[in-house]
Each structure stands twice: as C-alpha cells, then as structure tokens.
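Top to bottom, those sequences are chains A and B. The opening position of the first sequence corresponds to residue 8 in my numbering, with each subsequent residue numbered one higher. The opening position of the second sequence corresponds to residue 256 in my numbering, with each subsequent residue numbered one higher. C-beta atoms are modelled at their ideal positions from N, C-alpha and C, and glycine is treated no differently.
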Amino acid sequence: MKQIKQITVLSGKGGTGKTTLTAAFAALAKDAIVADCDVDAPDLHMLLHPKIIERQEFKGSKLAVINENKCIKCGLCREKCRFDAITEELKVDPFSCEGCGVCAIVCPANAITLTERISGHAYISKTRFGFMVHAMLKPGEANSGKLVTLVKQNAKMLAEKENIPLIIVDGPPGIGCPVIASIANVDVGLVISEPTMSGIHDLKRAILLLRHFDIPPLVCINMYDINRDNAEKILDFCKENNIEVAGKIPFDRKVIEAMTNGKTIIEYSPESNVAKEVREIWRKICNILDIAGNRQRG
Amino acid sequence: MIVSIASGKGGTGKTSIAVNIAVSLGRDVQLLDCDVEEPNAHLLIHPKIIREEQIYSLVPSINENLCDHCGKCAEFCSYNAIFVTPKEVLVFKELCHGCGGCILVCPKGAITEGKHKIGKLSLGYADGIEIVYGELEVGEPMATPLIREVKRHIDKSKNVILDAPPGASCPMIETVKNSDFCILVTEPTPFGLHDLKVAVQVLEDMKIPLGVVVNRAGIGDKKVYEYCRKKDIPILLEIPYQRRIAELYSRGVPFSLEMPDWRGKFKTLFNEVRVLAGK
C-alpha cells in the first residue's frame, strides 16, 4: 500500500492558531485522520465535535505508595528521593513523585510499592470530516509525551487499516517532550507564527527543533497585519534560512466567531480572506506532501 | 509572597500580565520565567544580564570494565533510559530523569553519574526588577529539572512572580508548586474556558488559591464569566481587546509603560491577591 504521509502543526509559542488551522485543514482534506496531540489542553474537539467509538485507558506513570503499617519512620525514602516527593510527615506527594522506584528499593521495611496510575484516556472518534484520534491527560498528570505517542500510534494503525493516506497532527505548544513526540517521524512540520517579538523568538526555536530531528519545516504567519514590520522580519528570516513560507493569514474576528459557534472558519465564513488564504496554504501543503487536493468546496 | 501566573491554554497573555505586574510594582520584585521551553519575559523587559550558568542533569555513566551486563539497571529504570545488550550498555540521556536508582541496584558498582547539559540559566536586572530565566536546550525533552533550577533562585523576602508554561502537566505543576496564589489568565472564548477549567482542577487538587484575569475581554462570549460566578472564582482584572495593547505587545513593550493608568490597576490587582492569599 501507499506510504502514509504525516504533517504536524506546531508553534513554539501557544495561542498562535494551531488548532484553528488544523480544524480548517480537516475540513479541506479529502481523506485524512486528524490527531489532537495537545493532550493536556486539547481544544480541537470543540470545533470537530467527535463521536467517540473507542476509548482506552492510559497508564503512563507509577506512583509510590507507603504502607503505614509496615513503615518504621526511618526517613531513608525521603533522604534518597531526588524529586522531594516524600514530605516531612513521610507521605508521598503525588504532584512531585515521578514513579522512579528508588524509595521502594531503599526502604528497609519493604513498606513501599509502586502502583500504576491511570493518567488519562485515549480515544478514536468520528467527526463530520472523518476519523479523529485524541486523548485527555488527567489534569496534573505527568508523561504527556507517552500519551502523545499513543495517540500517534492509534492514528497510524487506523490509517493502515482504513487505507487513509494522510495524518494531520495538532501539536502542543513549547519544544519539550510532548512536542518532540508529536513531530517524531512526520514528513513536514508546519510552524504557525505570529508577528510579535515573542512569536519570532519562539518560531526560531521551533525551527531549530525541527532541524534537530531532520524534519523539513514550513512556516505560516497568522494575524500578520497586527505588526507588518515584524511579519517582514519573519519573511526575511525564512528567506535567509531557506524555509518555505506557506502563507500569511490576516487578523479577522470571524475566526473567533467561528470558534464560539463550534465551526471551522471554512464552514463558518467560506468567502472570508482567512478561509481563502487557508485554502491556498492547504493547496501548497498537498503539493509538498504529494497528495491529492481538497474535498468539494462546501 | 510567591504568585504564579498560569493559564492552561497558550497565548492568553501570561507573560504580558506577569511583566506588567512586575513593572507596575517597580521594586522588591523578582520575576522568574519558568517557561523554559519558550521563555519570553526577557523580551519584554530587556534586562541587563549579569550572570549565566550552564545547567546539567545527572545521568548514568557505565564503567564497561566492571559491568557484567546483568541488566538489573535496565530492569529497574522506569523511563527506559538504559538498554543492556550482551556486549554493551546504551544510555539514552534524554529519557533519564536522574533518579539515581540504577547506581543503587548495580551489583558491581559499575555505574557513576556524569553531567548532561540540559540548558542555560540567566540572571539579570531591569529597573529594579530581578529576572531569572531558563532556556531549555533544543531537542532536550524534560523541562522540569531546569524549572527547579530557576525556582532555586526564589527570594522569599521579595514579591516573587512566576511565569508558568502553558498546559496542565509536569512543567506547569513544577512551576506553581508551593505558590501562595495562582493567577489564571484566560480569554473569553470556548478554548480559553475549556483550558481554564483544566487548570482550575489542577490548582484545586494542589490546594493553591486562585483568581482569574480575563484578557482580550470583549471578544468571544460570556461563558467564562458564568463559569467563574458558579465556581465562586474571583475575577481580578479584565483587560479589553484593544489594538493598541496588541501592537505594544507585538513590539515587545509592556503596555502599562505606555498606558500609565494600568500601573495603578496592576498594583490594585496585586494587593487584592495579597488579601486573597492571606499574606
């Protein structure tokens, strides 16, 4: 069968429009699986309204549990824990425990065991545009990177089973472990930037990250007309570094209206300048990925 | 008093609020940028950097002469950072959390700890504000050890403001831990509200008192207000969506410097936080 193509939408800085754009791509793509890999603050479901068809538990990490009856209060666990996860009262602080197990092996009374904790759930769903895979990390849980990897595995399996040629990944902000997991083995990383000092700074780090993992970068400037000088700076930076710019999207309150109505901008305001530009960006992405273009314009 | 600024959703204006509070208070302020993946606070206050430190984590180093490839270290490691073959031991430094457990379980004493660079820490000053920020090495997955290093500089005699990374998992938790109060910055949109709820749940579990700043007020809808009223969460400040504020931010200028009325509002906000935190 044909090779499955993958694109991740990322940004470095949060709130630049990753999810808005991913949802629009989902509306435009002919045959794709959409994966929401922002597992600690997922938002894509509010635009795509998935119906869950499969749900799986995610056991991402372990937690130390002290058996009070066996504990001899020697405090060795507290001394050896490098995450300050054992309190003065010799209780486990679940927000600090990283589940390493050092306390369990140093405990002379064998009073400590490690238990698996259910850190979240992964889902396979259907939307009006096709399949969506997503997840929800329990608030405050660790190991979002592992859950991202699970979401991507689900996407891959589904793509193979259903013979779907493309996976569109909505990535989390930042450049740390969940972002690294979300860009692993993808064909293109589309960085959504905004023309602010922070936006430029974070764009550069996102590009460095993609280059570090040998993933071809592509850039899109969102709300470019908020500061045209800075938008120019981004264009110059991309030119100097041989990075293709997929497009410039203007600021438009319709994007927020679409969001409050739970729709993609493509559906809510198909003739807006934003929708036109996004269609153009999508066409370029299809060319780069060498896949067939849009579904019927609706 | 230690006040953290967090949000759940990215790009709601955490850094902008953190910097504007710091600038408005003007003195006895420490601003710690704990968003080590994408630190931005220094871009708004342009500090003079007086010290930089390389930050390292501890990772296992295997003495192959002593190692008999028994595999106990790999079996123990919860993070799959060690892989033992009959011929050699592979250490994946990026996956290591630095717990030190492998050293404890090795029966041959073949493991010691070496240093692995994870990022850089900078300390500087801008108009009486002390700023500390970390920059995670690109490609390095784990932000929390670096956040811990940034927080080691907390000076409790000052008003400490912690700028948190977005989200609601480990880096955010590490930042807000031990705060006296947390300000959650949101925007009145469905995304803003959804991610606010996630952040509120984390802070409630951690028993950290909280209040909300609504940024870009006027866009979106009223559901954030309804939610806060129902949950009895104080709305500390509303910042309207104004092109001028957005433009100043885009140029890297804290808007309260150009719009001095806001300095009073941020001071009032901080005093209210002090009361709510019982400090």
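Pro-223/A sits close to Gly-196/A, with the two beta carbons spaced by under 9 Å.
Tyr-311/B carries a strand assignment under DSSP once its states are collapsed to helix, strand and coil. Assignment of Gly-475/B by DSSP, reduced to helix, strand and coil, places it in the coil class. For secondary structure counted as the alpha helix (DSSP H) over 4 or more consecutive residues, the stretch 171-206 of chain A holds these complete runs in sequence order: 184-190. Non-local C-beta neighbours of Leu-242/A in its own chain, meaning closer than 7 Å and more than five positions away in sequence, comprise Val-252, ordered along the chain. Between the alpha carbons of Ser-312/B and Asn-318/B lies a gap of roughly 19 Å. Cα atoms of Asp-450/B and Ala-423/B: separation of roughly 9 Å, rounded to the nearest angstrom.
Taking a Cβ-Cβ cut-off of 9 Å, the neighbours of Arg-89/A in chain B comprise Leu-313, His-352, Gly-353, Cys-354 and Gly-355, given in sequence order.
Within the same chain, and ignoring the five residues on either side of Thr-23/A in sequence, the residues whose Cβ sits closer than 6 Å to its Cβ are Ile-199, Glu-201 and Asn-229.
Gln-456/B has a beta carbon lying within less than 9 Å of a beta carbon in chain A.
Not a single C-beta of chain A is nearer than 9 Å to the C-beta of Ile-300/B.
By the beta-carbon neighbour count (other beta carbons within 10 angstroms, threshold 16), Lys-153/A is buried.
Taking 9 Å as the cut-off, the beta carbon of Asp-38/A is found closer than this to the beta carbon of Ala-299/A. Under the Cβ criterion of 9 Å, Lys-348/B is not counted among the residues facing chain A.
Residue-level contact check: Lys-261/A does not touch chain B, since none of the beta carbons of chain B fall below 9 Å from its beta carbon. Residue environment for Ile-131/A: buried (at least 16 other C-beta atoms within 10 angstroms of its C-beta). Taking the C-beta atoms as reference points, Glu-287/A is found nearer than 9 Å to Gly-254/A.
Considering only beta carbons, the part of the stretch 469-492 of chain B lying closer than 7 Å to chain A consists of Ile-474, Gly-475 and Asp-476, in chain order. Its chain contains Tyr-334 as the residues whose beta carbon lies nearer than 6 Å to that of His-352/B, once the 5 sequence neighbours on both sides are disregarded; these appear in chain order. For Ile-73/A, the uninterrupted beta strand (DSSP E) segment begins and ends at 58-73. Secondary structure within the stretch 346-433 of chain B: the beta strand (DSSP E) runs of 3 or more consecutive residues, fully enclosed, are 366-381, 384-391 and 414-418 (chain order). At a Cβ-Cβ threshold of 9 Å, Lys-375/B and Gln-309/B count as neighbours.
Distance check between Phe-525/B and each of Asp-410/B, Val-291/B, Val-457/B and Phe-436/B places Phe-436/B closest, using alpha-carbon atoms only. Shortest Cα-Cα distance from Gly-394/B to any of Phe-32/A, Ala-213/A and Gly-127/A involves Ala-213/A. Within the same chain, Lys-327, Cys-328 and Phe-331 come within 7 Å of Val-360/B by CB-CB distance, once the 5 residues on both sides are set aside.
Residue contact with chain B for Val-281/A: absent (no Cβ-Cβ distance below 9 Å to any residue of chain B).
Per DSSP, the unbroken alpha helix (DSSP H) holding Glu-527/B starts and ends at 516-532. In the three-state scheme derived from DSSP, where H, G and I count as helix and E and B as strand, Ser-316/B is classed as strand.
Of the residues assessed, Asp-283/B falls on the exposed side of the cut-off, its CB having fewer than 16 other CB atoms within 10 angstroms. Around the beta carbon of Gly-108/A, 16 or more other beta carbons sit within 10 angstroms, so the residue counts as buried. Under the Cβ criterion of 9 Å, Ser-276/A is not counted among the residues facing chain B.
For Cys-107/A, the neighbours in chain B by C-beta distance under 7 Å run, in chain order, Ser-333, His-352, Cys-354 and Gly-356.
DSSP places Arg-124/A in the uninterrupted beta strand (DSSP E) bounded by 119-134. The C-alpha of Ile-386/B lies about 30 Å from the C-alpha of Glu-239/A.
Val-528/B and Ile-292/A have their C-alpha atoms some 47 Å from each other. Comparing alpha-carbon positions, the option among Gly-269/A, Tyr-275/A and Arg-218/A lying closest to Asn-249/A turns out to be Arg-218/A.
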